[in-house]
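In terms of numbering that gives the first Met the number 0, the sequence shown has 148 at position 149, counting the first letter as 1, and numbering is strictly consecutive. Ideal placement from N, C-alpha and C gives every residue a C-beta, glycine not left out.
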Amino acid sequence: MTRKLGSGSLVIATHNTGKLKEISALLEPHGLNCISAGSLGLPEPAETGKTFVENALIKARSASEASGMVALADDSGLSVDALGGRPGVYTADWAERQWFEGEPGRDWYMAMGKVEGLLTENGPDTPRDAAFHCVLALVWPDGEHAVYEGLAPGSLSWPPRGTMGFGYDPVFVPEGSELTFAELDPEQKHRISHRADAFAKLVADQFGG
Ligand code: IMP
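Now the structure itself:
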C-alpha cells in the first residue's frame with residue numbers, strides 16, 4: 000500500500016506560479032498546505048532523466064532533500080508514436096530557440112513544425128497517433144516515493160488550430176474529439192487532460208477518491 004500524505008505542509012517542486020495555483024486548488028481541500036520550491040528559494044535541479052518518471056523523481060527528491068519536507072513534482076510532455084516517443088522528455092527543449100535579439104525564449108510554432116516535418120518525411124501514411132503524458136512524483140524526506148502516471152491519448156493534426164492553451168495544444172486532437180486542445184474551453188481540456196488523469200489517480204490513492 001502506498002504511504003499516505005495525511006495533513007500538513009507539502010513542497011510543490013515548481014517555480015511556476017500557475018502550476019502552484021492549479022496544484023494548490025486540488026490539494027488544499029484535502030487539508031494540505033502547499034508551498035512552492037520557488038518561495039523557499041530551493042535550487043532547480045537539472046532534468047537529466049530519460050523518462051518522465053525519472054525527471055519527476057529528480058525534481059521531487061531535490062525539493063524534499065533541500066526542505067526536509069514531503070515534496071510533489073510533475074513532469075509532462077508529448078510522445079509521438081511514429082517518432083519512437085519523441086519529443087518525450089525533450090518536449091520543451093524542441094521549442095528552445097537560439098538567442099534572438101538578446102532574448103532567449105521558446106517558439107512553439109517552430110516546435111510543432113519540427114514534429115510535423117519529421118512526420119511528413121516519413122511519408123503520407125505515417126500514423127499520427129500521439130499522447131500527452133504527465134507524471135506526478137511524491138517523495139518523503141526518508142526517500143520513500145509514490146508515482147502517478149496520467150495520459151491523454153490522441154493524434155496530431157496540421158496546420159495548428161485554436162488560440163487557447165499553450166505549448167503543442169494547437170496540433171493535438173484528443174481521442175473522441177474533433178477539436179484541438181487549443182480549440183477546447185480550458186475547463187473541457189482540464190477534464191480530459193493528462194494532468195487531470197494523473198491528479199485523479201493521486202487523489203484516489205491518497206484520499207480515497
Ligand atoms: P514540464 O512538465 O513543465 O517540463 O513541461 C514540458 C512541456 O510539455 C511543456 O513545456 C509543454 O510544451 C509540454 N506540455 C505539457 N503539457 C502540455 C499541455 O497540456 N499542452 C501542451 N503542451 C504541454
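- Counting only residues whose CB is nearer than 5 Å to a non-hydrogen atom of the ligand IMP, the list in chain order is D74, S75, G76, T90, A91, G166, Y167 and D168.
- About 6 Å separates the Cβ atoms of H144 and L137, confirming a contact at the 8 Å cut-off.
- In the three-state reduction of the DSSP assignment, L201 falls in the helix class, which pools H, G and I.
- Within the segment 34-107, the complete beta strand (DSSP E) segments of 3 residues or longer fall at 69-79, 95-99 and 102-105, listed in chain order.
- In the displayed model, G207 falls within coil according to three-state DSSP, outside both helix and strand.
- Two segments are said to touch when three or more pairs of C-beta atoms, one from each, lie closer than 8 Å; by this definition the segment 118-126 does not touch the segment 63-72.
- Secondary structure at H14: coil, using DSSP grouped into helix, strand and coil.
- Unbroken beta strand (DSSP E) stretches of 3 residues or longer found wholly inside the segment 128-166: 128-138 and 144-155, given in chain order.
- For the 7 Å CB-CB criterion, D74 and V134 form a contact.
- The segment 29-40 makes contact with the segment 8-20: 3 or more CB pairs, one atom from each, lie closer than 8 Å.
- Closest in alpha carbon position to H132, among Q187, G112 and G84, is G84.
- One Cα belongs to S192, the other to G164, and the distance between them is close to 11 Å.
- In summary, P158 is exposed, with fewer than 16 beta-carbon neighbours lying within 10 Å of its beta-carbon over all protein chains present.
- If you look at P173, you'll find it in the beta strand (DSSP E) that goes F171 to P173.
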